[in-house]
Every structure is written in structure tokens, then in C-alpha cells.
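Student: One structure is given below, represented as C-alpha cells, and several questions about it will come after.
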Amino acid sequence: MITKRIIPCLDVKNGRVVKGVNFEGLNDVSSPVELADYYSRAGADELVFYDITASVEGRQIFTDILKEAASKIFIPLTVGGGITTLDDFERVLNCGADKVSVNSGAIKNPKIIGEAAKKYGDQCVVLSADIKRVDGKFKLFKNGGRVNTEIDALEWIKFGVDSGAGEIVVNSIDTDGVKRGFDLEMLEAVCNIVSVPVIASGGAGGIKDFIELFNKLPKVDAGLAASIFHFGEVTIDELKRELKKNNINTRI
Amino acid sequence: MLAIIDYGVGNIFSLYSSFKFIGEDVVLTNDKKVIDSCSHIILPGVGAFADARRKLDESGMTEVVKEQVKTGKPLMGICLGMQMLFDKSYEYGEHDGLGLIKGSVRPISEVIPLDLKIPHIGWNALEFTKETGIFKHIKNGDHVYFVHSYWAADCEESTTAVTEYGARLTASVQSENVYGCQFHPEKSGEVGLNILKAFCEL
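Respectively, the protein sequence lines represent chains B and V. Numbers 1 to 252, taken from this note's numbering, label the letters of the first sequence in order. Numbers 1001 to 1202, taken from this note's numbering, label the letters of the second sequence in order.
What follows is the structure in C-alpha cells.
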């Protein structure tokens, strides 16, 4: 059977990984390519490169880095950040990306989901949603989770999947950075309404959080995290060994 | 030298890079003369069957691929490139394949339980069913990366590995010098690179 996926996310700004990283054995800890290669060797099932540059020059540097990563690292690569047009899809797919993730760009122009799915296939289009509880309801946020769109998050996700999104990333703003575990309630609500793969993001503080995630919500396909991997609090090889010990199907 | 057939479909950056990475001399081409001079051929493919088949015809590569196979050179189809090796595909209608391997391409929805997601996407284990040269450097049970909604059916004779996804889906095939992988070796980490390496050694 298909394995649960562990996905480290690299936020890249002006060609460097942001969020401090501290690893032994890496010459340049903030080089996206070196870090990606390190994760790939440790057993990461997929990598996300998130472009958080705002300038044109920064975008060009990001594309060059992506190309370099894709010529050395042979696992699936997802690219997100600043994707607003089909040209953006084309640009990163030509550099070796396998999937493209849309977030604020799709809120601004919802048609992009369907257009991209039609052109590149559903499997290529990932809808990433930043969600926060407001008065007990799941609301969709944009611009890096700073702005409340007032849109019902579950309705939005349903719309995204109906339009052709092949995968959903659920970023819980409520649990993000808290390190007490993934937002199981929010994830379950999403799993109940979609039939495409769901990726959990936000809240992982340790190995036990991943075990709890996959044990309690068998419909969740993958766990995504950034800082706990970057800071070495959790190593991917150790995480995967523990998942296996707990009878969670994983690739080792 | 190894030729990746260029007929205008899909994203072959990673495939090309993976051969470079393992130190192979590789060229992306639709030039018959260049292909003639190559020792190994790769038929890539992503997207819809009918569209890819039409582009293969229009680029003149259908005949070239068939001729190359007759010379006895190793040829490997990857993903949709593998599916095109068969007699027929039932993806949105009925379409002729290249007829190089006996069998037909059918929706996986016909054979897997309803609660499983389509496409079959992610890392899954290979279960070897027959010896084949391209698995020389990997082990039974190794994981590879799949992305597909259709599978090669009625091809037991040529099947060399299957993968379990609510049904035993064909993962790889071989008929004489014609090889096929449903999964993406260029996205399957070390295991995938070892498969490409073994293909180059054939």
C-alpha cells in the first residue's frame, strides 16, 4: 500500500533558506540545495520549496535554485509562493517542479485552479489553505495568514477540489508554532469533505505528533513541517523508524 | 549514448537530469539519425493517452520507435510512455497503442475499492514477479514513486513487478528488449537511479 509521506518545507528568500538551521555535516546550512539534498538522503518523501521573495530578481534566483535542486535531487518537488498565473506554473514546472501549490493567488483569481488542472493535470495542482477559527468557524486567511478573507474555509476547499485541485495542504494558524500537535479537528473536517490527498501542516512539535496524526486520522496522507526539521529537533530518519515501529506504513 | 524521445509532451527536465546525474551520455531528440546512433532509447510521457499518441505520430516518432525496437536496442517506456507500448488504451474512448507488448490500458477505478483515492499517487512498494535486468541493483519491496489513474491490464506474461493498491497493479513490464515502468524512476530517489543505471547497463 501507499506510504504516508513526510515533507520538509523550505522557505527561500533571496536564494537562502530562512528560519535558522543548525546541522552538523552541512557546510552551508542555509543553502536550499544542500539542505534539500540532506533531507532527501535522510528519507524525505517529497520537498516543498516556498518562494517568499517579493522582487523580480529574487524570483529569478529562486528559479535558478529550483533548477539546481532538480538536477541533483530525484524525489518529488512541490513549489509554492507567488503563484498567480499559468505562466508561473510553466516557469517552475520547466525547472523540474512536479507540483505547484497555490494559496493567496487562487483567492485572488480562483479560475487559476481549474485552468492549471486542465493544462497540467489535477495531480499537479496543490491547493494550500491557511485556516483559523473565528467565532468557532473555520475561516480562510490570506497573505501568509495575516488577512481574514471571511470565506468559509471548508467551502473554499470543496470549491478547489471541484475545480481540479489534486491535493490539499491544510495549514492551521491556530496550531502553527505552538508545537503541541497537528490540528486534528480541522484536518478531520477537511478529510470528511474531500477525496483527494490531504497534507497536514502546522503544529508538529515532535515524533509523537506525527504518530498521533496518522493513527487518529488514517485519511491524512502526509505531514509537512519546517522548523522542527531545520532545528534538528526531529530527524527524518528517526521519525520514519518510529512511524514504522508504530505500524504506520512508511518508506525506509 | 542514450536518446530520450522528444515529441513535445510533458516535463522531462528531471528525467534528463537523472541520466546526467548517473554519468550517462544522454540526448533529448526527435532526429532519426541521432536516435539511430544511440544504443538505448527512452520513451517518456505524461498527460493524456490520446494526445500523446497523436503527438508521437505527428512527430514521426511512432515509426522510428518501432524500427528501433526491431534492431534489438533496449527501449524503456516510462509512465504514459510505458502505457503506449501496449495494444490499446481505454482512456476516454478506445485508442491504438504501439502494439509492442500484449495487453491494454484500463482505468484503475475498475479494479480498486471505492474508498481509495485516484490517481494512485505516492510511494509504493514493488513486488517482483519475474526476473528483469532493470532491477539488478534494487531489492524486492523497495519503494518507487507513482502518479497514475490508468494501468496496464491483461499483460501477465510480460509483468515483472506489481504494486498493491487495493489491487495488484502492473508496475513494470518486459518483453524481450522492450521495458516499461509505470512509476517514475527519475522521482524515486536512489532506487530509481539504480533502475536507470541498470537499464543503461543492458
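All residues carry an ideal CB built from backbone N, CA and C; glycine is no exception.
(1) With 7 Å as the limit, tell me which residues of the stretch 112-140 of chain B have their beta carbon closer than that to any beta carbon of chain V; keep them in chain order.
(2) In whole angstroms, what is the alpha-carbon distance linking G20/B and T1129/V?
(3) Is it buried or exposed for T1159/V, if we count other Cβ within 10 angstroms and need 16 for buried?
(4) Restricting to Cα atoms, I'd like to know which of V234/B, A153/B and Q123/B is closest to S104/B.
(5) Identify each residue in the stretch 1022-1047 of chain V for which the Cβ-Cβ distance to at least one residue of chain B is less than 9 Å, and report them in chain order.
(6) Expressed to the nearest angstrom, what Euclidean distance is found between the alpha-carbon atoms of I1041/V and I1035/V?
(7) Can you tell me which of the three DSSP states M1076/V falls into?
(8) Output the distance between the C-alpha atoms of L86/B and I157/B, rounded to the nearest integer angstrom.
(9) With a CB to CB cut of under 8 Å and the five nearest residues on each side skipped, what residues in its chain are close to S1018/V?
(10) Around the Cβ of I193/B, are there at least 16 other Cβ atoms within 10 angstroms (buried) or fewer (exposed)?
(11) Where does S1037/V land, buried or exposed, given buried means 16+ other C-beta within 10 angstroms?
(12) Between E1176/V, M1001/V and A1153/V, which lies nearest to G1023/V when the distance is taken from Cα to Cα?
(13) Quick check: the Cα distance between R16/B and A69/B, rounded to an integer number of angstroms?
(14) Got a sec, what are the start and stop residues for the alpha helix (DSSP H) F1199/V sits in?
(15) Check distances from the C-beta atoms of the stretch 86-100 of chain B to those of chain V and list, in chain order, the residues that come in under 9 Å.
(16) Ordered along the chain, which non-local residues of its own chain (more than five positions away) have a Cβ less than 8 Å from that of A117/B?
(17) Say whether chain B places a C-beta atom closer than 7 Å to the C-beta of N1194/V.
(18) Closer than 7 Å, CB to CB, is I75/B near chain V or not?
(19) Comparing the C-beta of R241/B with each C-beta of chain V, is any distance below 7 Å?
(20) Would you mind reading off the limits of the beta strand (DSSP E) that contains I1121/V?
(21) On the three-state DSSP scale, how would you describe D1087/V?
(22) Kindly indicate if chain V contains any beta-carbon less than 7 Å away from that of T63/B.
(23) Quick one: measure Cβ to Cβ for L187/B and V198/B, integer angstroms, because I've assumed they're closer than 8 Å.
(24) Any beta carbon from chain V within less than 7 Å of S71/B's own beta carbon?
(25) What are the boundary residues of the beta strand (DSSP E) that T1029/V is part of?
(26) Can you name the residues of chain B whose CB is closer than 8 Å to the CB of S1145/V?
(27) Would the stretch 1102-1113 of chain V count as touching the stretch 212-220 of chain B if we require 3 or more Cβ pairs under 8 Å?
(28) Can you tell which of K1066/V, L1126/V and V1173/V has its C-alpha closest to the C-alpha of E1164/V?
(29) Starting from L86/B, trace the alpha helix (DSSP H) in both directions and tell me its first and last residue.
(30) Do D130/B and I83/B count as a contact pair if the criterion is CB distance below 7 Å?
(31) Using the three-state DSSP reduction, which class does G20/B fall into: helix, strand or coil?
(32) Can you list, in chain order, the residues of the stretch 1099-1132 of chain V whose Cβ is nearer than 9 Å to any Cβ on chain B?
Tutor: Inspection of the coordinates gives the following:
(1) If the cut-off is 7 Å between Cβ atoms, the stretch 112-140 of chain B has G121 and Q123 near chain V.
(2) As a position in the first sequence, residue 20/B is number 20, starting the count at 1. As a position in the second sequence, residue 1129/V is number 129, starting the count at 1. Note that G20/B scores a pLDDT of 47, beneath 50, so its modelled location is shaky; the value from the coordinates is reported in the next line. The straight-line gap from Cα to Cα measures roughly 47 Å.
(3) In the second sequence, the residue the question calls residue 1159/V occupies position 159. It is buried - the Cβ of T1159/V has at least 16 other Cβ atoms within 10 Å.
(4) If you number the first sequence from 1, residue 104/B lands on position 104. In terms of Cα proximity to S104/B, the closest of V234/B, A153/B and Q123/B is A153/B.
(5) Residues are counted here when their Cβ sits less than 9 Å from a Cβ of chain B; for the stretch 1022-1047 of chain V these are V1046 and G1047, given in chain order.
(6) As a first step, residue 1041/V is located in the second sequence; it is residue number 41 there, counting from the start. As a first step, residue 1035/V is located in the second sequence; it is residue number 35 there, counting from the start. The C-alpha of I1035/V is placed about 8 Å away from the C-alpha of I1041/V.
(7) Taking the first residue of the second sequence as position 1, residue 1076/V is located at position 76. M1076/V: strand per DSSP, three-state reduction.
(8) In the first sequence, the residue the question calls residue 86/B occupies position 86. In the first sequence, the residue the question calls residue 157/B occupies position 157. Each residue's alpha carbon lies about 20 Å from the other.
(9) For the purposes of this step, residue 1018/V is taken as residue 18 along the second sequence, with counting starting at 1. P1185, E1186, G1192, L1193 and L1196, listed in sequence order.
(10) Against the first sequence, residue 193/B aligns to sequence position 193. Result: exposed.
(11) Reading the second sequence from its first residue, position 37 is the one you call residue 1037/V. S1037/V should be labelled exposed.
(12) Residue 1023/V sits at position 23 when you count from the first residue of the second sequence. Closest option to G1023/V, judged by alpha-carbon separation, among E1176/V, M1001/V and A1153/V: M1001/V.
(13) Position 16 of the first sequence holds residue 16/B. Position 69 of the first sequence holds residue 69/B. Distance from the CA atom of R16/B to the CA atom of A69/B, rounded to whole angstroms, is 13 Å.
(14) By one-based count along the second sequence, residue 1199/V stands at place 199. Per DSSP, F1199/V is one residue of the alpha helix (DSSP H) stretching across G1189 to C1200.
(15) Result list: L93, N94, C95, G96, A97 and D98.
(16) Numbered from 1 along the first sequence, position 117 holds the residue referred to as residue 117/B. Taken in chain order, the residues that qualify are C124, V125, S163, G164, A165 and G166.
(17) Sequence index remark: in the second sequence, residue 1194/V carries index 194 (1-based). No, because no Cβ of chain B sits closer than 7 Å to the Cβ of N1194/V.
(18) Looking up residue 75/B in the first sequence gives position 75. Yes, because at least one Cβ of chain V sits closer than 7 Å to the Cβ of I75/B.
(19) Numbered from 1 along the first sequence, position 241 holds the residue referred to as residue 241/B. False, the Cβ-Cβ gap to chain V never drops below 7 Å.
(20) Mapped onto the second sequence, residue 1121/V falls at position 121. For I1121/V, the enclosing beta strand (DSSP E) stretches over residues H1120 to A1125.
(21) The residue given as residue 1087/V occupies position 87 in the second sequence. The answer is strand: DSSP assigns D1087/V an E or B state.
(22) Taking the first sequence and counting its residues from 1, the one referred to as residue 63/B is at position 63. The beta carbon of T63/B sits no closer than 7 Å to any beta carbon of chain V.
(23) As a working mapping, residue 187/B is identified with position 187 in the first sequence. As a working mapping, residue 198/B is identified with position 198 in the first sequence. With 8 Å as the limit, L187/B and V198/B qualify as a contact, their Cβ atoms being about 7 Å apart.
(24) Within the first sequence, residue 71/B is the residue found at index 71, counting from 1. So, interface residue.
(25) Here residue 1029/V corresponds to residue number 29 of the second sequence, with the count starting at 1. Secondary structure note for T1029/V: its beta strand (DSSP E) is the uninterrupted segment V1026 to T1029.
(26) Here the question's residue 1145/V lines up with position 145 in the second sequence. Before going on, a small fix: residue 1145/V reads as Tyr here, not Ser. What Y1145/V touches in chain B: I75 and P76.
(27) Using a C-beta cut-off of 8 Å, the stretch 1102-1113 of chain V makes no contact with the stretch 212-220 of chain B, since fewer than three inter-stretch Cβ pairs fall below that distance.
(28) Indexing the second sequence from 1 puts residue 1164/V at position 164. For the residues K1066/V, L1126/V and V1173/V, the minimum Cα distance to E1164/V belongs to L1126/V.
(29) Within the first sequence, residue 86/B is the residue found at index 86, counting from 1. Looking at the DSSP string, the run of the alpha helix (DSSP H) that includes L86/B is L86 to L93.
(30) Here residue 83/B corresponds to residue number 83 of the first sequence, with the count starting at 1. Here residue 130/B corresponds to residue number 130 of the first sequence, with the count starting at 1. Not closer than 7 Å, so no.
(31) Here the question's residue 20/B lines up with position 20 in the first sequence. Below a pLDDT of 50, predicted positions are generally treated as unreliable, and G20/B, at 47, falls in that range; no measurement from the model is reported.
(32) Those would be D1115, L1116, K1117, I1118, P1119, H1120, I1121, G1122, W1123, N1124 and A1125, in chain order.
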